[in-house]
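Chemist:
Residue numbers (the numbering used here): 1 to 563.
(1) Using the C-alpha atoms, what's the distance from residue 363 back to residue 382?
(2) Based on Cα-Cα distance, which residue from 203, 197, 425 and 390 lies nearest to residue 417?
(3) Residues in the same chain with beta-carbon distance under 6 Å from residue 266, minus the five sequence neighbours each way, listed in chain order, please.
(4) Based on Cα-Cα distance, which residue from 408, 484 and 449 lies nearest to residue 336?
(5) Between residue 435 and residue 503, is the Cβ-Cβ spacing less than 7 Å?
(6) Using C-beta distances below 6 Å, list every residue in its chain close to residue 487, excluding the 5 sequence neighbours before and after it, in chain order.
(7) Taking just the CA atoms, how far does residue 194 sit from residue 523?
(8) Between 319, 356 and 491, which lies nearest to residue 340 when the distance is taken from Cα to Cα?
(9) Taking the straight line between their C-alpha atoms, what separation do you get for residue 512 and residue 539?
(10) Give the secondary structure of residue 222 by DSSP, where H, G and I count as helix, E and B as strand, and everything else as coil.
(11) Mind checking whether residue 246 and residue 210 have CB atoms under 7 Å apart?
(12) Could you tell me whether the region 47-64 touches the region 221-230, where touching means 3 or more Cβ pairs closer than 8 Å?
(13) Touch check for the region 103-116 and the region 71-83: three-plus C-beta pairs under 8 Å?
(14) Assuming residue 433 and residue 331 make a contact with CB atoms under 8 Å, what is their CB distance in whole Å?
(15) Just checking my contact of residue 366 with residue 44 at CB under 8 Å: how many whole Å lie between their CB atoms?
(16) Looking only at its chain, what residues have a beta carbon closer than 7 Å to the beta carbon of residue 89, apart from the 5 residues adjacent to it on each side?
(17) Taking contact to mean 3 or more Cβ pairs, one atom from each stretch, closer than 8 Å, check whether the region 204-223 and the region 146-163 are in contact.
(18) For the candidate residues 63, 80 and 65, whose alpha-carbon lies nearest to that of residue 51?
(19) If you drop the 5 nearest sequence neighbours on each side, which residues of the same chain put their C-beta closer than 6 Å to that of residue 205?
(20) Can you tell me the Cα-Cα spacing of residue 393 and residue 399, whole angstroms?
(21) Which partner residues does residue 373 have in the DSSP bridge list?
(22) Among 397, 140, 387 and 136, which residue has its Cα nearest to the Cα of residue 441?
(23) Does the beta-carbon distance from residue 39 to residue 352 come in below 7 Å?
(24) In the DSSP assignment, what are the bridge partners of residue 253?
(25) Going by CA-CA distance only, name the one from 369, 543, 444 and 291 that's closest to residue 140.
(26) Does the region 444-454 come into contact with the region 286-302, if we say contact requires no fewer than three beta-carbon pairs (one atom in each stretch) closer than 8 Å?
(27) Taking only runs that begin and end inside the region 463-548, name each unbroken beta strand (DSSP E) of 3 or more residues, in chain order.
(28) Between which two residues does the beta strand (DSSP E) harbouring residue 305 extend?
(29) Would you say residue 536 lies against chain B (beta-carbon separation less than 7 Å)?
(30) Between 494, 143, 471 and 373, which has its C-alpha nearest residue 481's C-alpha?
(31) On the DSSP bridge assignment, give the partners of residue 191 in chain order.
(32) Identify the continuous alpha helix (DSSP H) that holds residue 46 and give its terminal residues.
(33) Buried or exposed: where does residue 10 fall if 16 or more other Cβ atoms within 10 Å of its Cβ makes it buried?
(34) For residue 47, is the classification buried or exposed, using 16 other Cβ atoms within 10 angstroms of its Cβ as the cut-off for buried?
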């Protein structure tokens, strides 16, 4: 079990100083020199902060205070490969101790009224927005992404905190139901916290996919033991500190760091419920571990997401939207678009505009706004991207834009890349790249393109572009993905926190957001109070008369349209 140690399923090494604590170490692929027509570099503003300015010994000491770990590990920045911080590393015994502490604190936290628990989330919402500059620096340093893409995480966490801060008491309040014998049977549905939730969070969105998923667990009365990726641990630790400042009891939120094959199974082994975001392969292992203990699990897994540009789409808007959909966070986003289907009648015009916008994207590593795309996260990501692109070109695909590593900016930079003429069995055709690479496919028949979009084991996200709202909704209903965005790539569906988000097929189990995103962290308990008459022969009735009475009663209840 857990042969793939990385929580998002894409074994990540961190640059020149590769640490094996959470990664499979592998030599980087040879880097090609940047050609003349390369993406421009975003200039660094005067006085821009550096890693040393942000990750100070005082900061690391403050963030790791109270974190269990008898060993030592470290994380690195993909911008340079340099070490960011020394961190506590957990052993199996440390994980058991973290669960013991969380379990001891959980009952008292669950006894706090739901409205008071929700108030913690609302205070956290304000703190995140007020102090976002701190965490934006950490997200950039740990993931290499552009600052605007880091801000997507701040937005998503604030939306989740606001939603569950406002709606959790309603989601969790007791609900009355019609009983077996109306008026005589009073039924109440209660929601009980599961206990201690084990959460395994990935590296690609270290704020949103860590604390963003933990918020509904906390507000429903659970404690959480979280294992973030070591390379992005500072972001999760920062969020923990802010939640404690907002009023969450410190022992209720435990973080354990360490190698995936060591710490991950221990989290699954001790948890009362498991939340996992990562690869489909690792997700299956997590599910098997949870199933062996008969505990619940939610899994948000991989995707090979499609964007459909119909014949009546606004070409300029679709081209601009494709840049966002394909290259946000350098394509290291589970709901990012990797397959782009364009109607043949507008394909040439669309590709021309899309390529122009892609080639104009500014790459950069400054801790400031201005760059359109940042770095890949690790050597393995760079190797996968390079292999997919090089193999496709060698087998006849056309390189429309990009296709080049940019070591002149940083060791893990790769240009946003558009491929045309991609066909099976090219790896990029069916495998998830998880990088800034998209393939263009042309179509003429709407039914055919829907079938092609659905012809994958995955079913996470898709996008439809059209000026006809009715057509867009009709196509969306036929796509086998957990979310569909019309005239945008991924943000509207993901950012709508009242609606569920998750995957079909091999893209996962369960949902985040909405009622499903919080109720999964609870156990439903039905309390039925029988009054006046028992559900058995009474008032002198023998068995036969009671059976006849119940038969008549059931017919009457149907006639009265009782549910």
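We put the beta carbon where it would ideally sit given N, CA and C, even for glycine.
Modeler: On the basis of the data shown:
(1) Within the chain shown, the letter at position 382 stands for residue 382. Within the chain shown, the letter at position 363 stands for residue 363. Rounded to whole angstroms, residue 382 to residue 363 spans 16 Å at the Cα level.
(2) Position 417 of the chain shown, counting from 1, holds the residue named residue 417. Of the candidates 203, 197, 425 and 390, the one whose C-alpha sits nearest the C-alpha of residue 417 is 390.
(3) Position 266 of the chain shown, counted from the start, is the residue given in the question as residue 266. Contacts found: 92 and 95.
(4) For the purposes of this step, residue 336 is identified with residue 336 of the chain shown, where counting begins at 1. Looking at the Cα atoms, 484 is the closest of the given residues.
(5) Residue mapping note: residue 435 aligns to position 435 of the chain shown, counting from 1. Residue mapping note: residue 503 aligns to position 503 of the chain shown, counting from 1. Not closer than 7 Å, so no.
(6) If you number the chain shown from 1, residue 487 lands on position 487. The answer, listed in chain order, is 465.
(7) As a working mapping, residue 523 is identified with position 523 in the chain shown. As a working mapping, residue 194 is identified with position 194 in the chain shown. Approximately 6 Å, taken between the alpha carbons.
(8) Here residue 340 refers to the residue found at position 340 of the chain shown. The candidate whose alpha carbon is nearest that of residue 340 is 319.
(9) Looking up residue 512 in the chain shown gives position 512. Looking up residue 539 in the chain shown gives position 539. Computed Cα separation, rounded: 51 Å.
(10) Along the chain shown, read from residue 1 onward, the residue named residue 222 stands at position 222. Residue state, collapsed to three classes: coil.
(11) Walking along the chain shown from the start, residue 246 turns up at place 246. Walking along the chain shown from the start, residue 210 turns up at place 210. Against a cut-off of 7 Å, the Cβ pair of residue 210 and residue 246 comes out as no contact.
(12) no
(13) no
(14) Counted from its first residue, the chain shown places residue 433 at position 433. Counted from its first residue, the chain shown places residue 331 at position 331. So it is a contact: roughly 7 Å between Cβ atoms.
(15) Here the question's residue 366 lines up with position 366 in the chain shown. Here the question's residue 44 lines up with position 44 in the chain shown. Right, their Cβ atoms sit about 4 Å apart.
(16) Mapped onto the chain shown, residue 89 falls at position 89. So the qualifying residues of the chain are 21, 69, 71, 72, 73, 257 and 258.
(17) yes
(18) Within the chain shown, the letter at position 51 stands for residue 51. Comparing Cα positions, the closest option is 80.
(19) The residue given as residue 205 occupies position 205 in the chain shown. The residues are 153.
(20) The residue labelled residue 393 in the question sits at position 393 within the chain shown. The residue labelled residue 399 in the question sits at position 399 within the chain shown. Rounded to the nearest angstrom, the two C-alpha atoms are 7 Å apart.
(21) Residue numbering aside, residue 373 sits at position 373 when the chain shown is read from its first letter. Answer is 363, bridged to residue 373.
(22) On the chain shown, residue 441 is found 441 positions in, with the first residue counted as 1. Ranking the options by Cα distance to residue 441, first place goes to 397.
(23) Mapped onto the chain shown, residue 39 falls at position 39. Mapped onto the chain shown, residue 352 falls at position 352. Taking 7 Å as the Cβ cut-off, residue 39 and residue 352 do not qualify as a contacting pair.
(24) Counting from 1 along the chain shown, the entry for residue 253 is found at position 253. DSSP output for residue 253 lists 224 as bridge partner(s).
(25) What you label residue 140 is simply residue 140 of the chain shown in a count that begins at 1. If we check each option's Cα against that of residue 140, 369 comes out closest.
(26) no
(27) 483-486 and 522-530
(28) Along the chain shown, read from residue 1 onward, the residue named residue 305 stands at position 305. First-last of the beta strand (DSSP E) with residue 305: 305-309.
(29) Within the model displayed, chain B is absent; a lone protein chain is all it includes.
(30) Residue 481 sits at position 481 when you count from the first residue of the chain shown. Of the listed residues, the one whose Cα sits closest to residue 481 is 494.
(31) Counted from its first residue, the chain shown places residue 191 at position 191. For residue 191, which the question treats as bridged, DSSP gives the partners 524.
(32) Indexing the chain shown from 1 puts residue 46 at position 46. No alpha helix (DSSP H) contains residue 46, which DSSP labels as neither H nor E.
(33) Locating residue 10 in the chain shown gives position 10, where the first residue counts as 1. With a pLDDT of only 31 at residue 10, under 50, the local geometry of the prediction cannot be trusted, and the value read off the model is given with reservation. When all chains shown are included, residue 10 counts as buried.
(34) Locating residue 47 in the chain shown gives position 47, where the first residue counts as 1. Flag for residue 47 reads exposed.
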